[in-house]
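The structure appears right after this line, and notes come after that.
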Amino acid sequence: MRNFFGKSVAVGAIAMLALTACGSGRDGDDKSGSGGEAAKGFAANSLIGVALPAKTSENWVLAGDLFTNGLKEAGFQSDVQYAGASTTVADQQAQITAMVTKGAKVIVIGATDAAQLATQVSAAHNAGAKVIAYDRLILNTPDLDYYVAFDNFKVGQLQGQALLDGMKKKKASGPYTVELFAGSPDDNNATVFFNGAMDVLKPEIDKGNVVVGSGQKDFKTIAIQGWKAEGAQARMDQLLTSTYGSKTIDGVLSPNDTLARAIIQSIKSRNKPVPVVTGQDSEVESIKSIMKGEQYMTINKDTRNLVKETINMVKSLQAGTEPQINDTKSYNNNTKVVPTYLLPPVAVTKDNAAEAYASDPKLAPLTK
Amino acid sequence: MSRFKDLQKNLFGGTTSNARQFGMIFTLLAIVLLFQFLTADKIGVGFGDGLTLRSDNLIALFQQNSYILILAIGMLMVIVAGHIDLSVGSVAAFVGILVAKSMADWSLPWPVAILFGLALGAAIGAWQGFWVAYIGVPAFIVTLAGMLLFRGANQFVGNADTIPVPPGFQKIGGGFLPEVGPDTGYNNLTLLLGLAACVAVVWRELQSRRTRKEMNAEPAPMWVSVIRMAIMVGVLVFVTLRFAGGRVGTSFPISGLILVVLVIAYGFYTRNTAGGRHIYAVGGNSRAAELSGVKLRRVNFFVMMNMSVLAALAGMIFVARSAASGPQDGLSWELDAIAAVFIGGAAVSGGIGTISGSIVGGLVMAVLNNGLQLLGVGTDRVQIIKGLVLLLAVALDVYNKSQGRFSIIGSITRPFRREASAEPASSSAAGSEPAKTTVAG
Amino acid sequence: MTNAPILLEMRSITKEFPGVKALSDVNLVVRAGEIHAICGENGAGKSTLMKVLSGVYPYGTYTGDIIYQGQPARYSDIRQSEHAGIVIIHQELALIPHMSITENIFLGNEPRKRGAIDWKAAQRKAVELLNQVGLKEDPDTLIKDIGVGKQQLVEIAKAFAKDVKLLILDEPTAALNEADSQHLLDLLRGFKERGITSIMISHKLNEIEAIADSITILRDGKTVETLDVGAGGVDEDRIVRGMVGRELSSRFPDHTPKIGETFFEVRDWTVRHPISAERLVCKGESFHVRRGEIVGFAGLMGAGRTELAMSIFGRSYGVYLGGQIFKDGKELQLKSVADAIHHGLAYVSEDRKAIGLNLLDDIKTSTVAAKLSKITKRGVLDEVAEYQAAEAYRRELRTKAPTVDEGVSKLSGGNQQKVVLAKWMFTDPDLLILDEPTRGIDVGAKYEIYGIIQRLADQGKGVIVISSELPELIGLCDRIYTVFEGQITGDIARKDANPETLMKQMTSTKKMQTR
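Protein chains in written order, with my numbering: chain V, 4 to 371; chain B, 235 to 675; chain R, -10 to 504.
Encoded structure:
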């Protein structure tokens, strides 16, 4: 028995050695270049991976379709994946890893949770793939190559300015009473929107021209978890009860359309006049609301343009040239400043809606 | 089919425990090879260059699923004891956020933070175990409450923030065995580990032959043992080289190592100790167990508490791999773990199931998930397929059992048995089930 | 009877399961209006034969012919056979505890009026059916609230609701006490007069002898013979000879007791019902057991014998209110089953399947289950020791199983009982309490189990036997306590024990004066 045991071990060891001798040619650690320096490019029909969050908003579904078609037109193979509805983070992690395995040359990521993808981004980098953060900045990793997004600070500024303009139109002079809302605290963009808006509003608040009725100005207090409409509606209900029993409210800073409509809903249910409410995303229902004269404004961030710019970036990387960048200092992800291409957002009110959506087949008819 | 059956009988008929594990590994292997073929076919390369068995993919597979498999270990014991735990995802998320916060805000060193996390898991488990074992609230209810409670606590503590964790801590989820010793072109520690596994396989086979002899039973013919060992060692050598031969800096993942240690330890506990056997006794017939001197409450308390400790560990490993604790951690993990256990052959009514079966069940789901992703199938369709696989795997097993035919999962979970000698198996088993209520036909 | 027309004929029925021939070439002829008993040891194929007849095993899964009412019968499920008037009542009753008698009677067979269940008609019919079976209960009573005997009657009423022509009863009196059994047998005689044919499977040979017109005996899946009772010459011994294939000179093995000192004593034992605080199930009872002595506990169903035994065995039943237990002169505190086992007590429960065994286990796991510490070495279970222990008991008790790896669910009742006995012998007890040790076990196995009990006593252990079968107690025990409603009413020595005295004490309300 003992003899047999020894033999077996020997056979195993020999087998292992034999296979070792064949060698697998272990890849080196730093074969592929890092970060900003332009690589030599790659084959024109390479695989491009696109990992997007769960299909919970029409925006992401549209983006996915645009990527699939756009990459195909440009001659690439594409692999566009959405995260599952209940297991978003884990799904996205697995999808990115699978793309790396499949040998994707560029991976575009619309992160579900900006801070939980660092490991996968590093793995992609180590495998020689370029990583582009799409719309949401991925945090805590030095291996993120580019970031492409709308200028979200600018979005906030536009919202703030529109709020002031709208209120001035209704009532020539202040002080104006307003309430502030912000997006989900786990979305890095929410902070940026809010900071942009406050960039415009703060001076007016300091002057006393604008008054926050409830006094709630702290981001944590006014943020709505998960961008949930019911969260915004509940908060507005509370504010109306606590602060606006007899007072009227002139304006509400809302970070996006979904929340804007929820806020308007809450105010209307109390039979109060609808104040000036800002928005963002150009959602169908909100365009209708704007044309009816309820919601005051929204922001047009044309997903088509964002996807187009991203694909342009991929094309440059393929050709081995440096992609176009227009911001190299604003976006620090806690480990490095990420080279960024920012697209300008457009503020849309009832006045310029027809012009702004002229090229959008879905929205244009609504503005007639 | 009949030839396969002959082979199956010859290979597995002789011994008991080894036979089970062998049957399982076959099932898994078939799925792996299928995806290896499909992925190779898709990108138009040879079979050997398929994506499924590439080093980086195998490594990713382990890293992505180690936390679910760790949960499956605990869940198996809970389900064998006749309970269920729906709270594991929430518990994992709650522990994850507190551990992340403990390092970020109170600057606990990471090893201390891990101990803190485990202690927290034990405390939560004691809470749930108390209600289940000493008050007698059904585990389904207690853990449904726990699911809400700890999810809420996670959001309360975390404020829905994402909290990053330090690099040292990240090792338990994303780290690898370090490079030591001479440059062999492989990761040396992984090679050593593989060699140790091969030795263990051979040793166990011989040990079991010796045991059979001591039991005066005829061990399987020598050639059967040799083939069995050759296959096992072959697979191990292959896997070892894959893990050891990946990109420099990668090797067998630390989280995989933690998993392996836990599987061995818990496998031993459930099989070879009185405590483990008590769990099966309680699940099989709790009244009979009680009248045989088993301390029912203690067993129930233990399985529930143990589950939460493992959930805490799983939560920490996920946080470590994600480099941060986030508000969505742990969502629907309980379902993945439960699915793994049932695919692995456990019985809904308790008393039946093995750790290794559950691990293979979990790996089947993992490989399926991974393979479909490599083929570019979207999450929506992946979920549909996984749902169907769960249903079919269990249905096939139930059907085969009722027909008295060879059952893959049955052979996994129960020692191979000769057919009934007296009254037919199916009828007497059905008639003698300690049924609570019987429905009139 | 022999002239009555043939109602049912089963010809050369053969039924195989993978690896076993459960029935081979079995013939059965049942004449209209008779009570036909089928006898055989467990595993002889009785239940399988009935399952073939009722369509549980559909046509095509067996070979041979069934001729029923002159027509070939080919049933593919139970519904079809029931439609033809063949109704089988199983040993395990198929009633739903939380439904009323009416609901149970008409379950799956509900009278309908315009699509909805016509409860009024159901109610009327139920009262009528209950009258037929002689059960005086409100049809709205829940099944869980009536006793086993009455549940059995509900089952029969349910069969009547289906317009039964051939009633098959599988061990109908196994769970019934004497009075209920008697009632059931009378009922069967009544059915006979009304022209209903019955097939009865039973182990209770005295009942068969008393009631059956013909007896078909099966052994090892084959028909041995069919006896015509009317022709005379059929008694219990004759039946037993057919069943076991040899002469059993005595129902009990010869035994000379070797009785020693009193070593186990219970004093003033008082226990109340686990839920109802006023109900005492033991009312300050005292008894003792000597070494080498087999002590019987006789009593009617519900007299409190099981409750007494289980409460002593680590307080497994009810709430302890008072009393002491002494072993070898020292008082024991038995607060848990583990304590009881540690101090050398063993309790073999009444219901093997429900609380005696884990049916998922194999023989060896079951054998060592109550004392794992005996096979544990440094915290690890020793598989070899486990195997050897189980194998030793398998040989000693002559348990019929190919190996000790066999699952206990596949064993016959007698062999399961041997495994349970092995499990408790393995704990090295000084006092064994056996609760209905031979229930549902065939004659041959009973004889063996009596032998085992006697051997255990001869090793100097004390044995308590609780049984509802008076002949068993009288034949086996050295001394018998009678119990009535939680009180010990008599202490009867072997020489004075006969059914009449026992029955008198079992229904006496007077507490026995202790010493």
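Quick reminder that beta carbons are idealized off the backbone N, C-alpha and C, glycines included. Computed from a prediction, not measured in an experiment: that's the story for all the values here.
| Item | Value |
| --- | --- |
| Are three or more beta carbon pairs between the stretch 335 to 342 of chain V and the stretch 294 to 302 of chain V nearer than 8 Å? | no |
| Out of R:Arg387, R:Ile455 and R:Ala378, point me to the one whose CA is closest to R:Asp417's CA. | R:Ala378 |
| By the criterion of Cβ-Cβ separation under 8 Å, what are the contact partners of R:Asp217 in chain B? | Those within 8 Å of R:Asp217 in chain B number zero; the least Cβ separation is about 29 Å. |
| How many angstroms separate the CA atom of V:Asn48 from the CA atom of B:Val266? | 28 Å |
| Taking just the CA atoms, how far does R:Thr478 sit from R:Leu386? | 35 Å |
| Could you name the residues of chain V that B:Pro398 contacts, counting a contact when the two beta carbons are closer than 7 Å? | Ala118 and Asn143 |
| For B:Pro561, decide whether its Cβ has a neighbour in chain V, counting only Cβ atoms nearer than 8 Å. | yes |
| So, for R:Val116: in the same chain, excluding its five sequence neighbours on each side, which residues have a beta-carbon less than 7 Å away from its beta-carbon? | Pro128 |
| Given this structure, state the Cα-to-Cα distance separating V:Gln160 from B:Gly282, to the nearest angstrom. | 56 Å |
| Do we get a CB-CB distance below 8 Å when we pair V:Gln98 with the residues of chain B? | yes |
| Going along the stretch 601 to 624 of chain B in order, which residues come within less than 8 Å of chain C, judged by CB to CB distance? | The structure shown contains no chain C; its protein chains are V, B and R. |
| Given a limit of 7 Å on CB to CB distance, which residues of the stretch 281 to 301 of chain B reach chain V? | Leu285, Arg288, Asp290, Asn291, Ala294 and Gln298 |
| Hey, quick one: how far does the alpha helix (DSSP H) through B:Cys432 stretch, first residue to last? | Asn422 to Glu448 |
| Does any residue of chain V have a CB that is nearer than 8 Å to the CB of B:Gly694? | Lying before the first or after the last residue shown, residue 694 of chain B is absent from chain B, which here runs from 235 to 675. |
| Kindly identify the DSSP beta-bridge partner or partners of R:Ile206. | R:Cys28 and R:Glu214 |
| If you follow the beta strand (DSSP E) that R:His277 is part of, which residue opens it and which one closes it? | Leu269 to Arg279 |
| Can you pull the chain V residues whose beta carbon is under 8 Å from the beta carbon of B:Asn393, in chain order? | Pro188 and Lys223 |
| The beta strand (DSSP E) with R:Lys527 in it runs from where to where? | With chain R represented from -10 up to 504, any question about residue 527 of chain R goes unanswered, as that position is not in the structure. |
| On the three-pair Cβ rule with 8 Å, is the stretch 196 to 205 of chain R touching the stretch 22 to 29 of chain R? | yes |
| Chain B partners of R:Val369, CB-CB under 7 Å? | Asn506 and Thr507 |
| Contact criterion: CB-CB distance below 8 Å. Does R:Ala73 meet it with respect to chain B? | no |
| Give me the Cβ distance between B:Gly363 and B:Phe535, rounded to the nearest whole Å; I'm assuming they're in contact under 8 Å. | 4 Å |
| Give the residues from the stretch 31 to 64 of chain R that approach chain B closer than 9 Å (Cβ to any Cβ), ordered along the chain. | Asn31, Gly32, Gly34, Ser36, Thr37, Lys40, Val45 and Tyr46 |
| For the alpha helix (DSSP H) that B:Tyr301 lies in, which residues bound it at each end? | Ser289 to Val314 |
| Who does R:Arg468 pair with in a DSSP beta bridge? | R:Val284 and R:Ala482 |
| For a cutoff of 8 Å on Cβ pairs, would you count B:Leu565 as touching chain V? | yes |
| Which residue marks the beginning of the beta strand (DSSP E) containing B:Gly380, and which one marks its end? | Looking at the DSSP string, B:Gly380 is not in any beta strand (DSSP E); the run it does join, the alpha helix (DSSP H), is Ala373 to Gly392. |
| Label R:Glu160 either buried or exposed according to how many other C-beta atoms from any shown protein chain fall within 10 Å of its C-beta, with 16 as the threshold for buried. | buried |
| Quick check: the stretch 331 to 340 of chain B against the stretch 519 to 537 of chain B, are there 3 or more CB pairs under 8 Å? | no |
| Since R:Val393 and R:Ile352 should fall inside the 8 Å C-beta cutoff, what is the C-beta to C-beta distance between them, to a whole number of angstroms? | 4 Å |
| Quick check: the Cα distance between V:Ala126 and B:Met550, rounded to an integer number of angstroms? | 20 Å |
| Kindly indicate if chain V contains any beta-carbon less than 8 Å away from that of B:Arg385. | no |
| With DSSP run on the structure shown, which of helix, strand or coil describes R:Glu320? | strand |
| Alpha helix (DSSP H) containing R:Gly506: first to last residue? | Because chain R here runs from -10 to 504, residue 506 of chain R falls outside it and cannot be looked at. |
| Under three-state DSSP, which class holds B:Tyr500? | helix |
| Going along chain B, which residues have a C-beta under 7 Å from R:Glu372? | Thr445 |
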